[in-house]
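Visitor: 154 is the number that the working numbering gives to position 77 of the sequence shown; each next residue is one higher, with no gaps.
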Amino acid sequence: MNMAWKTDPRLRGMDPKKLELLSLFSEDIKKTPPDKMLSALMTLNKRASASGLSFSDRETALIISILTEGMPSAEQKKLQMLKFLAAQLSKGKK
Numbered sequence: 078m079n080m081a082w083k084t085d086p087r088l089r090g091m092d093p094k095k096l097e098l099l100s101l102f103s104e105d106i107k108k109t110p111p112d113k114m115l116s117a118l119m120t121l122n123k124r125a126s127a128s129g130l131s132f133s134d135r136e137t138a139l140i141i142s143i144l145t146e147g148m149p150s151a152e153q154k155k156l157q158m159l160k161f162l163a164a165q166l167s168k169g170k171k
């Protein structure tokens, strides 16, 4: 993951606690293979929940956008498909 994400202007309005969590996450995923990225995102969500935080759909889309910027196209497509499937599954839970 490119560390330039920290200066991405789209993050300016995000809660500082969320940004700190993302910073820890960015350190963790340096060692994460692309095929384990969804699992890493789920772990991020659990950490956020445990801290009393939640990411909006817009924030989640932004995080995924930033994460996938340096990925090969094939990996980006896989992650987008997994994101779509996760969204479809969560709709069924409501």
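Just so you know, even glycine gets a beta-carbon here, dropped at the ideal spot from N, CA and C.
If you're wondering where the values come from, they're calculated on a predicted model, not measured in any experiment.
I need the straight-line Cα distance from aspartate 134 to isoleucine 143, nearest angstrom please.
Guide: One-based indexing of the sequence shown puts residue 134 at position 57. One-based indexing of the sequence shown puts residue 143 at position 66. Going from the Cα of aspartate 134 to the Cα of isoleucine 143 covers about 14 Å.
Visitor: Taking the beta carbon of leucine 121 as the centre, do at least 16 other beta carbons fall within 10 Å, making it buried, or is it exposed?
Guide: Numbered from 1 along the sequence shown, position 44 holds the residue referred to as residue 121. Buried, since its Cβ has 16 or more Cβ neighbours within 10 Å.
Visitor: Buried or exposed: threonine 145, going by 16 or more other Cβ atoms within 10 Å of its Cβ?
Guide: As a working mapping, residue 145 is identified with position 68 in the sequence shown. By the 10 Å Cβ count, threonine 145 comes out buried.
Visitor: Determine the burial state of phenylalanine 102: buried for a count of at least 16 other Cβ atoms within 10 Å of its Cβ, exposed for fewer.
Guide: Here residue 102 refers to the residue found at position 25 of the sequence shown. By the 10 Å Cβ count, phenylalanine 102 comes out buried.
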